[in-house]
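Undergrad:
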Amino acid sequence: MREDLSKIVIEIFKKSNQTLSIAESCTGGLLSYQFTKISGASNVFVGSVVSYQNLAKMKILGVKKELLDLYSPYSNEVIEAMLQGIMNLTDSTFGLATSGLASGSNFRDIKVGDVFIGFKERNKDSIIIKKEFKGSREEVQLSASNVAIELLYNNIDKKY
Numbered sequence: 260m261r262e263d264l265s266k267i268v269i270e271i272f273k274k275s276n277q278t279l280s281i282a283e284s285c286t287g288g289l290l291s292y293q294f295t296k297i298s299g300a301s302n303v304f305v306g307s308v309v310s311y312q313n314l315a316k317m318k319i320l321g322v323k324k325e326l327l328d329l330y331s332p333y334s335n336e337v338i339e340a341m342l343q344g345i346m347n348l349t350d351s352t353f354g355l356a357t358s359g360l361a362s363g364s365n366f367r368d369i370k371v372g373d374v375f376i377g378f379k380e381r382n383k384d385s386i387i388i389k390k391e392f393k394g395s396r397e398e399v400q401l402s403a404s405n406v407a408i409e410l411l412y413n414n415i416d417k418k419y
């Protein structure tokens, strides 16, 4: 089902001359793979950054250290900064971002399985959601990737 949504998004973006870029943390490139495994993705998929450590979030995406310290990497504020960073870096029409805890230990008030997912269209407000997933590390990563694709699909103009 999610692969179908990815294909549909790619077709819509091809027809409407729109592009997508992704900033990932906990999904580790899996979300980007869901698009790049589809033939023709290179027409619309500009690129992605897997900013797994805070250092990458700061140096590549321009996330401020103060945001990371104050809110943690797992927050609406950091997802917003990741979205802005990837869109500034790539000048894409749309951006997606993920950050959360796929496994390990709880962090502050964030539990293992909590993932923040963001969507942004150029020159519009971001949409950021927090989801709680259950399962193994891989299941959390896949679930988060699928929800991100749904978030994108549900918020784009499909009239093309």
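Read in the working numbering, the sequence shown has 290 at position 31, and its numbers run on one by one without any break.
Yeah, the Cβ is synthetic: ideal placement off N, Cα and C, and Gly gets one too.
1) Ordered along the chain, which non-local residues of its own chain (more than five positions away) have a Cβ less than 8 Å from that of N347?
2) Just checking my contact of K370 with L355 at CB under 8 Å: how many whole Å lie between their CB atoms?
3) Please determine, among K417, I376 and E270, the residue with the shortest C-alpha to C-alpha distance to F304.
4) With distances taken between CB atoms, is the gap from V308 to I319 smaller than 8 Å?
5) Am I right that T286 and T349 are in contact with their C-beta atoms under 8 Å? What's the rounded C-beta distance?
6) Three-state secondary structure (DSSP) at K324?
7) For G299, collect the residues of the same chain with a Cβ closer than 7 Å to its Cβ; drop the 5 residues on either side in sequence, then sort them by chain order.
8) When burial is assigned at 16 or more other CB atoms within 10 Å of the CB, is Q312 buried or exposed?
9) Pick helix, strand or coil for D263, following the three-state DSSP scheme.
TA: In short:
1) Leaving aside the five residues that flank N347 on each side, the residues in its chain whose CB is nearer than 8 Å to its CB run, in chain order, G321.
2) About 22 Å separates the beta carbons of K370 and L355, which is beyond the 8 Å limit, so they are not a contact pair.
3) Per the Cα distances, E270.
4) Yes, these two residues count as a Cβ contact at 8 Å.
5) The beta-carbon distance between T286 and T349, rounded to whole angstroms, is 18 Å. This is too long to meet the 8 Å contact definition.
6) Helix, per DSSP.
7) Cβ neighbours of G299 beyond the five flanking positions: I269 and K273.
8) With fewer than 16 other beta carbons inside 10 angstroms of its own, Q312 counts as exposed.
9) D263: helix per DSSP, three-state reduction.
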